[in-house]
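Asks:
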Amino acid sequence: MLAKANRITRGEDYRATVRRGRRLTTPNAVLYVRRNDTTPTPRFGFIVSKQVGVAVVRNTVRRRLKALCAEVRGELDPHTDIVIRALPGVDSIRWPELRGSLQQALRDRAGA
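In case it helps, numbering that gives the first Met the number 0 puts the sequence shown at residues 0 to 111.
What follows is the structure, given as structure tokens:
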């Protein structure tokens with residue numbers, strides 16, 4: 000689980016990251032990355048819409064994304080906000096494939 004210091008909680012921060020951040024696209028998700036000099040640790044936010052599936056599926060996807068971010072947060076630039084928007088069909092992707100594609104995007108392009 001991500002600590003509160005590693006989560007984006009305010010709507011303003013979500014909007015700023017999505018609107019002004021760099022967009023990185025993978026087959027399963029869209030990542031928005033923005034530098035934020037006011038935070039000492041990387042922060043993550045998640046957008047999993049109803050297009051992904053019913054509530055059980057959305058929550059499963061969100062938990063998977065949180066687990067992935069907990070794994071890689073130590074490797075990222077500490078002054079980074081990242082919002083991950085899950086795309087429809089992400090629930091049918093096996094965990095190793097999802098983890099591999101998102102870890103690669105985070106490490107290569109998100110400041111790691």
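We put the beta carbon where it would ideally sit given N, CA and C, even for glycine. Predicted model, so just to flag it, every value in this text is computed and none were measured.
On the DSSP letters alone, give me the boundaries of the alpha helix (DSSP H) that D12 sits inside.
Replies: Your numbering for residue 12 matches position 13 in the sequence shown. Taken as a continuous stretch (DSSP letters only), the alpha helix (DSSP H) holding D12 covers 10 to 19.
Asks: Beta-carbon separation of R72 and N5 under 8 Å?
Replies: One-based indexing of the sequence shown puts residue 72 at position 73. One-based indexing of the sequence shown puts residue 5 at position 6. Yes, the Cβ-Cβ distance between R72 and N5 is below 8 Å.
Asks: For A111 and F45, what's the separation of their Cα atoms in angstroms?
Replies: Taking the first residue of the sequence shown as position 1, residue 111 is located at position 112. Taking the first residue of the sequence shown as position 1, residue 45 is located at position 46. Note on A111: pLDDT 47, under 50, position unreliable in the model; no value is reported.
Asks: If I'm right that I83 touches L64 with Cβ under 8 Å, what's the distance once you round it to whole angstroms?
Replies: On the sequence shown, position 84 is the one that residue 83 refers to. On the sequence shown, position 65 is the one that residue 64 refers to. Confirmed, Cβ separation roughly 5 Å.
Asks: Between P39 and L75, which are expected to be in contact by the criterion C-beta below 8 Å, what is the C-beta distance as a whole number of angstroms?
Replies: In the sequence shown, counting from the first residue as 1, residue 39 sits at position 40. In the sequence shown, counting from the first residue as 1, residue 75 sits at position 76. Not quite, the Cβ-Cβ distance comes to about 12 Å (not below 8 Å), so this is no contact.
Asks: For G10, count neighbouring Cβ atoms within 10 angstroms of its own Cβ and tell me buried if that reaches 16, exposed if not.
Replies: The residue labelled residue 10 in the question sits at position 11 within the sequence shown. Exposed, because fewer than 16 other Cβ atoms sit within 10 Å of the Cβ of G10.
Asks: So, for V47: in the same chain, excluding its five sequence neighbours on each side, which residues have a beta-carbon less than 7 Å away from its beta-carbon?
Replies: Taking the first residue of the sequence shown as 1, we reach residue 47 at position 48. Cβ within range, chain order: R57, V60, R61, A85.
Asks: Cutting at 7 Å between CB atoms, please list the residues of its own chain near Q50, excluding the five before and the five after it.
Replies: By 1-based counting over the sequence shown, the position of residue 50 is 51. Apart from sequence neighbours up to five positions away, the residues of its chain that approach Q50 with a beta-carbon distance below 7 Å are P87, ordered along the chain.
Asks: By Cβ distance below 7 Å, which residues in the same chain neighbour Y13 in space, the five residues on each side in sequence not counted?
Replies: Residue mapping note: residue 13 aligns to position 14 of the sequence shown, counting from 1. Within the same chain, Y13 has close Cβ partners I7, G44, V82.
Asks: Does any C-beta atom of chain D lie closer than 8 Å to the C-beta of A2?
Replies: Here chain D cannot be found, since the structure has a single protein chain.
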